[in-house]
Amino acid sequence: EWFTSGTLENILLQWENNSTKEIQIERTPLNILCYNVQGWGSRCLEVIDIVYKVEASTCVFTEVGELWNISRVPHFNIFHQHGTNKSGGVCVAIGKHLKGTRIEINVENTVIIDVNGLSETIRVIAIYWPAGQIMMLEDLEPYIIENTIITGDFNASIKEWG
Numbered sequence: 001e002w003f004t005s006g007t008l009e010n011i012l013l014q015w016e017n018n019s020t021k022e023i024q025i026e027r028t029p030l031n032i033l034c035y036n037v038q039g040w041g042s043r044c045l046e047v048i049d050i051v052y053k054v055e056a057s058t059c060v061f062t063e064v065g066e067l068w069n070i071s072r073v074p075h076f077n078i079f080h081q082h083g084t085n086k087s088g089g090v091c092v093a094i095g096k097h098l099k100g101t102r103i104e105i106n107v108e109n110t111v112i113i114d115v116n117g118l119s120e121t122i123r124v125i126a127i128y129w130p131a132g133q134i135m136m137l138e139d140l141e142p143y144i145i146e147n148t149i150i151t152g153d154f155n156a157s158i159k160e161w162g
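Take the sequence shown: its position 87, counting from 1, is numbered 87 in the UniProt record's numbering, and each next residue is one higher.
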């Protein structure tokens, strides 16, 4: 700048113009994958392949079953909640470039994770509700805050949904 501006006045003018430009905030896209695994033990390699193909930064896996921990998704931290049946359970996988914090909850088949490292903190509520299990959405109300994403396999067991 100093050598190309020619005069002190020109360089000062150039610096003033540069300082008044708006600073662009870099936004990182949030790619969430929600996938009903139907048995992690037999489908983990398929699932890991899908995670990388869609470039997911956050994943929710439902019906992971009892073998949910036989294989990990590389470069992801896993948060798991056992299911109420042997094929149930839900996992949330958060890319290691983000920070996930588990929120303790006393609702079966549900995991809540606060995700930091984006332009804003988001909360992911991941649910696997087995068919026939009666769940009350009111149980989740205390945990729903701004920027909450509720996702999972609900098996259409909520009466209000018809």
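We put the beta carbon where it would ideally sit given N, CA and C, even for glycine.
Since the model is a prediction, treat every value here as computed from it, not as a measurement.
CA nearest to the CA of residue i, picked from the options
i	options	result
glutamate 120	Arg43, Gly100, Asp49, Lys53	Gly100
serine 71	Glu138, Cys44, Thr148	Cys44
isoleucine 113	Ile150, Glu16, His97	Ile150
isoleucine 145	Ser87, Ile103, Lys86	Ile103
tyrosine 35	Pro29, Phe61, Gln14	Phe61
glutamine 38	Val47, Leu118, Asn31, Leu30	Val47
histidine 97	Arg123, Asp139, Thr58, Leu13	Thr58
leucine 33	Thr7, Trp15, Ile94, Glu66	Ile94
proline 29	Glu63, Gln133, Val54, Gly83	Val54
histidine 75	Glu63, Asn85, Ala56	Ala56
asparagine 147	Leu8, Ile125, Ser5	Ile125
tryptophan 129	Asn155, Asn18, Glu9	Asn155
glycine 83	Gln133, Gly117, Leu140, Val115	Gln133
aspartate 153	Leu12, Ile78, Ile127, Leu137	Ile127
Continuous alpha helix (DSSP H) stretch holding residue i: start and end
i	result
tryptophan 41	Note on identity: in this sequence residue 41 is glycine, with tryptophan being the wrong assignment. That run of the alpha helix (DSSP H) goes 40-53.
Residue i, DSSP secondary structure in three states
i	result
asparagine 155	coil
isoleucine 150	strand
leucine 30	coil
glutamine 81	strand
isoleucine 11	helix
asparagine 36	strand
asparagine 116	strand
Same chain, Cβ closer than 7 Å to residue i, five either side skipped, listed in chain order
i	result
residue 177	A query on residue 177 cannot be resolved here, the shown segment of the chain reaching from 1 to 162 and no further.
glycine 41	Gly65, Leu67, Ile70
Residue interval of the beta strand (DSSP E) (run including residue i)
i	result
arginine 123	122-128
glycine 95	90-95
arginine 102	99-103
Proximal residues to residue i (C-beta, below 8 Å), its chain only, five neighbours per side dropped
i	result
valine 73	Val47, Ile48, Val51, Cys59, Ala93
Contacts around residue i, its chain only, beta-carbon distance under 6 Å, and the 5 residues preceding and following it disregarded
i	result
serine 87	Glu63, Gly65
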